[in-house]
Each structure stands twice: as C-alpha cells, then as structure tokens.
Amino acid sequence: MISLITFVLFTALVAFLTWFITRGKVTNTEDGFFLAGRSLPGVVIAGSLLLTNLSTEQLVGLNGGAFKEGLSVMAWEVIAGMSLVVLALFFLPRYLKSGIATIPQFLEERYDSNVRSLTTGIFIIAYMLILLPFVLFSGASALTHMLDLQVKLGLSEAGTIWAVVAFIAVVGSAYAVFGGLRAVAVSDTFNGLGLLVGGFLITYYSFAYAAGENASFFTTISNIKKDNPDAFMSLGRTGEDVHWPTLFTGVLLLNFFYWCTNQQIIQRTFGAKNLAEGQKGVLLAAFFKILAPIILVLPGIVALYIANRDSEFNAMLLNASGQRDDSKVYGSLVRLVLPAPLTGFFAAVVVGSILSTFNSVLNSSATLFSLGVYKKSIRPDATMEQVVQSGRWCSGLVAVFAAVGAPLIFMGIDGIFGYFQKLNGVYFIPLLAVILVGMLNRWVNGRTAFITILVGLSVMIWGTFFGESFIQDVFGSGYHFMGAVFIALVILQLVLGKFMKREVAYLQKDAKKVDLTPWAPAPYVGVGLVTTVVVLYAVLAIL
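Under my numbering, think of the first position of the sequence shown as 2, with each following residue one higher.
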C-alpha cells in the first residue's frame, strides 16, 4: 500500500508541475507545438536529452546486457558522450543555421523533396515498429516485476504486459498530443532528477545487499570478480555482443546516428533559444552519459552475483523454459533490494522515464508527419491550427500501432537490447551515410541519396533477418557488417555523384531563426569530455 501511495503522489506531482509551468504557453503554432517556441535553455535541453534516452530501453536493456556480458555494454553509454560532443561542435551549428524542425527538412534543403519524403516515411515506420514497441515492452516488463503486478492483478504474464502497455500508451499520448514539445521537455526535467536519484539508490542498495553485513565496497567488487572474471572487462571478449573491435564499427556508427541525426533525440536541440544554449545543453548531457554506467550497468553486474547465491532471486529471473530472462533482471532486482517506501517512488520515476521516451517519439512522429507529409503534400494551404491538429492525429495512430506491436515483436526474445540495436541498424546505417556525404560533399544530388538509401535498406534488411550465418562467417559480428555496409554506401554515393551532380554546388543559407554565436568554451569542454572517455577505457582495461 505504501509503494502504491508514493507511486501515485510522485506521478501526480510531476503532472501538476508540468501543467503549472506550461499553462498559457502557445502550442497551436508550428514552432510552439513542435519546437517549444525555440525557447529552451541549456539545462532543459540536457534534461530532456537524458530522459528521452534514459528510459527502460536503457534501464532494462543495458542492465540485462550487463547481467549476461558484464561491463563491456557500457560502450552504449560512454561512447554516446563522444557522439554528443560531435553533435555540439559539428552538427548542431548546421542544423540551427538552416532553421529546421526535422532531419528530413534538412535533407530536402540539401538534396530534394523525394529524399525528404522517403526519410520521413522511414522515421515514422521505424518509430512505430521498432523504437516505441521496445520502449513499451521493456517498460511493462520492468514495472510488472518491480511491483509484482502479475500477482496483484491476477493476470498471466502476457496479460499483465498487455495491460501495462495500454496504460503507458494512454498516459504518454496525453502528454505528447495535448502539450507538445514544451510539456515533454519540462516533464523530462522533473523525471530526470527522480531517475538520477532513484538510479543511484538502486546501485547503492544492490551493492549493500550483495555485501551483506560485513563486507566493504572493495571487498564486494573483489568477490564479484572472483565469481565472474568477465564482470569488469570494459573491452569485452571475442564472442560477446560488444567487444573492443566493434567499438570502431557498428557500435560507433549506431551511437553517432542516434545522438547526431536521430529526429527523436535531437528535436529538443532544434528548440534551443540560441546555439550557445544548445551547445551547453548537449555537452552537459554528454557529461552525464559518461557517468551513466553507474546506474545502467553496475546493477546488472551485481544482479548476476546475487542470482548465483540467492535461489529465490534466481527463480524470479527464469522464463517458462527455465532459462534466465535478461528482461526480468532490473525489475526483479529493484523489488529485491529497495525498501518498500521507496519502491513506489522509483516505479513512478520509471513510468516517467518510459513516458519521456514515449511521448518524445510521438511528438517527433507528429512533427515529421505534419511538416513533411501533411503540409508538404496533402494540404499545402493548411492553416497552422490544421497542421498541429494533423500532428495530434498522427501521434494517436502511432501510439495505437506501437502498443499493439510491443508484445508481439519483443515478447520471448533473448537478449532484447542487442536485438533492438540490430533492428535500429536497418535504417540508421543508410541514413547516416547520406547525411554525412551531404554535409561533406557539395555536389552529389538527390538521386544519389535516394538510390543509396534504397540500396542500404535492402542490404541491411537482408543481413538482419536472413543473412546471419553469412555475416558470422565473413564478418564475425553484425556490428562489423554494419561498418562494412556504411563504407560501401558512402563509396556508392560518391561514385554515383560522378554522374549525377547538382547544377549548382550546395551552399547552406542562414534562416536567421536563432542567434548562432557559439558558446566560447564549447571546443575545450568537448576535448575534455573525449579525453575523459579515452582515459576511462584505458584505466578500466588495465585494472
């Protein structure tokens, strides 16, 4: 009962504060609804970036990955810090100069309307069939085991997952459909504070539980290393999903796309009041991403140590086949180690993190559809109110499809975080190739990009769903395959560009939407963050 009360109180508090801060703000204009009026300060951008990313896809997925493979999965977080530096110093100035609201808008400016239409469709379909279903499923799994909902609701495991997915979809849609990006960003900030506090508490209580009454922190670390020598190998081992060579191929490329060119993530940077505030927010987020393994990886490592010694906890992790299910690790660990009065608070924080990603992706989907399809092709003469309304309808439909697909796509999948990243690679790799070529080459035209994207999608779909044995034999890892495809696509587009050129070289124009004066310390902060990542890997590799 105490956990339920704290859950309701914290959830209601965030909703009230979000309404209070955003009341009276204009959301019936394109910039107001989609970009928060281009008024976001750095701290709000940082909080929204972190919470959009730090959802149950990370809490459940990465801790589950750490349970299976140890510290090596920290690559998804630590290297993200380097990617955010690239966003702040290279990509963001170009995006804000163009005054865009979506990545496909930038691609239309650089290439043509056909490339914009193609990429808009790819983003919306990918969000609807990959990202949102994974967020909903991982969130439902975490809450089910955290609050023991299967017992409390008297439903089967599948029935409980469906019920929680439906709840999250309804509440998340309300934020995105009626509040726009401002409500999303403000609620993210509050939930971000809760997630950081709660995440550190889980790490602390996990170590305390593993240590027992007498062991110190360092003794516990030593015991974990004896129990599992692979636990703290930051560079991983050959055969693991993430090991050191993959850091320079697929893992690096997926990170770059996700943090530099993924509409769902970087849309909040488009809402920056100026370039300086945008860079401050992005670099602040980079700092916290480097620290993120403390809450996103370490609990999973400790959970394996506990499971090897606690038969009751181990039983909580088993699926119907008697095998350990990594999607159950985090929720079960929270229920085991966290004191009852704090369980409701953390469950509310987890719901907030789920809603953060869910409603942010819905807002991005609405932006893509309204500005890239509805206003561009369906009703070019639409009023601003009609454009915003079309976005709300799009959000609702995407939410319904995602909620239905979540259990169907991910239930029963072993190693769901790795599987999720493989699915992302299907469209990440082709789009990253044409975006980078478009920025670095002034002459290739829209036909080269269109052809490159279609070829890339075809190859990645084949490799992901049909060519697994071939990839293992030839490349040894799906991430190396992604790297090879990326290089091939860049070469393909450049070769095509020899025959398909723009009539006039591309020259980016300043839309004069925001002040483009950079934050003076940004390059130095960026170098410091990249150096920190390199040193961190070097130190962990020799320990």
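Where is the CB? At the ideal position from N, CA and C, for every residue including glycine.
Review point. Looking at C-beta atoms only, is the number of pairs between the segment 226-233 and the segment 47-56 that lie closer than 8 Å three or more?
Key: no
Exercise for review: Find out if the Cβ-Cβ distance for the pair residue 167, residue 332 is shorter than 7 Å.
Suggested key: Going by C-beta atoms, residue 167 is not nearer than 7 Å to residue 332.
Point to revise | Cut-off 7 Å between Cβ atoms - residues of its own chain near residue 110, not counting five sequence neighbours on either side | key: 99
Review point. Buried or exposed: where does residue 70 fall if 16 or more other Cβ atoms within 10 Å of its Cβ makes it buried?
Key: buried
Practice item. Could you tell me which of 530, 519 and 527 sits nearest to residue 273, measuring between CA atoms? Key: Nearest of 530, 519 and 527 to residue 273, Cα basis: 519.
Check your understanding: Any chance the CB of residue 199 is under 6 Å from a heavy atom of the ligand GTP?
Key -> Looking for the ligand GTP in the displayed structure turns up nothing, as the structure carries no ligands at all.
Review point. Touch check for the segment 466-475 and the segment 399-415: three-plus C-beta pairs under 8 Å?
Key: no
Review point. Using the rule of at least 16 other Cβ atoms within 10 Å of the residue's Cβ for burial, across every protein chain shown, is residue 239 buried or exposed?
Key: exposed
Practice item. Tell me where the alpha helix (DSSP H) around residue 260 begins and ends. Key: 251-261
Review point. What residue from 486, 522, 153 and 436 has the CA that sits closest to residue 103's CA?
Key: The residue from 486, 522, 153 and 436 with its alpha-carbon nearest to that of residue 103 is 436.
Check your understanding: From residue 323 to residue 339, what does the alpha carbon distance come to, in whole angstroms?
Key -> 26 Å
**Study point:** For residue 446 and residue 65, the rounded distance between their alpha carbons
**Key:** 44 Å
Check your understanding: Of the residues 505, 288 and 524, which one's Cα is nearest the Cα of residue 442?
Key -> 505
Check your understanding: What separation, rounded to the nearest whole angstrom, lies between the Cα atoms of residue 255 and residue 214?
Key -> Rounded to whole angstroms, the gap between the alpha carbons of residue 255 and residue 214 is 42 Å.
**Study point:** Inter-residue spacing [alpha-carbon to alpha-carbon] between residue 542 and residue 107
**Key:** 40 Å
Exercise for review: Measure the C-alpha to C-alpha separation of residue 370 and residue 45 and round it to an integer number of angstroms.
Suggested key: 25 Å
Review point. Smallest Cα separation from residue 141: which of 539, 352 and 294?
Key: Checked all of 539, 352 and 294; the closest Cα to residue 141 is 352.
Check your understanding: How many Å lie between residue 266 and residue 366 at the Cα?
Key -> 12 Å
**Study point:** Simplified DSSP assignment, three categories, for residue 502
**Key:** strand
Point to revise | residue 453 and residue 495 closer than 7 Å at C-beta | key: no
Check your understanding: Which same chain residues, not among the five before or five after residue 75, have their C-beta less than 6 Å away from its C-beta?
Key -> 294 and 298
**Study point:** Selected residue, minimal CA-CA separation from residue 204, among 421, 375, 479 and 335
**Key:** 335
Review point. Going by DSSP, which residues form a beta bridge with residue 117?
Key: Partner(s): none; residue 117 has no beta bridge.
Check your understanding: By how many angstroms is the C-alpha of residue 88 removed from the C-alpha of residue 304?
Key -> 34 Å
**Study point:** One or two residues paired with residue 326 in a DSSP bridge
**Key:** Residue 326 is not bridged to any residue.
Check your understanding: Looking only at DSSP bridge pairs, what is residue 432 linked to?
Key -> DSSP output for residue 432 lists no bridge partner at all.
Point to revise | Residue span of the alpha helix (DSSP H) that contains residue 481, given as start and end | key: 479-497
Check your understanding: If we call anything under 7 Å between Cβ atoms a contact, is residue 68 one with residue 327?
Key -> yes
Review point. Taking the C-alpha atoms as reference points, what is the distance between residue 545 and residue 427?
Key: Nothing about residue 545 can be reported from this structure: the residues present for the chain run from 2 to 544 only.
**Study point:** Residue nearest to residue 95 in terms of C-alpha spacing, selected from 276, 242, 411 and 223
**Key:** 276
Point to revise | Spatial neighbours of residue 260 in its chain, beta-carbon cut-off 7 Å, leaving aside the 5 residues before and after | key: 81, 84, 85, 88 and 266.
Practice item. Look at the Cβ atom of residue 287, then the Cβ atom of residue 50, and state whether they are nearer than 7 Å. Key: no
Check your understanding: Is the CB-CB distance between residue 131 and residue 424 below 7 Å?
Key -> When the beta-carbon positions are compared, residue 131 and residue 424 come within less than 7 Å of each other.
Check your understanding: Where does residue 37 fall in DSSP's three states?
Key -> At residue 37 the pLDDT is 48, less than 50, meaning the model places this residue with poor confidence and gives no usable figure here.
Practice item. Spell out the partners DSSP gives residue 275 in its beta bridges. Key: 516
**Study point:** Minimum length 4: unbroken alpha helix (DSSP H) runs contained in the segment 333-387
**Key:** Within the segment 333-387, the alpha helix (DSSP H) runs of at least 4 residues that lie entirely inside it are, in chain order, 341-370.
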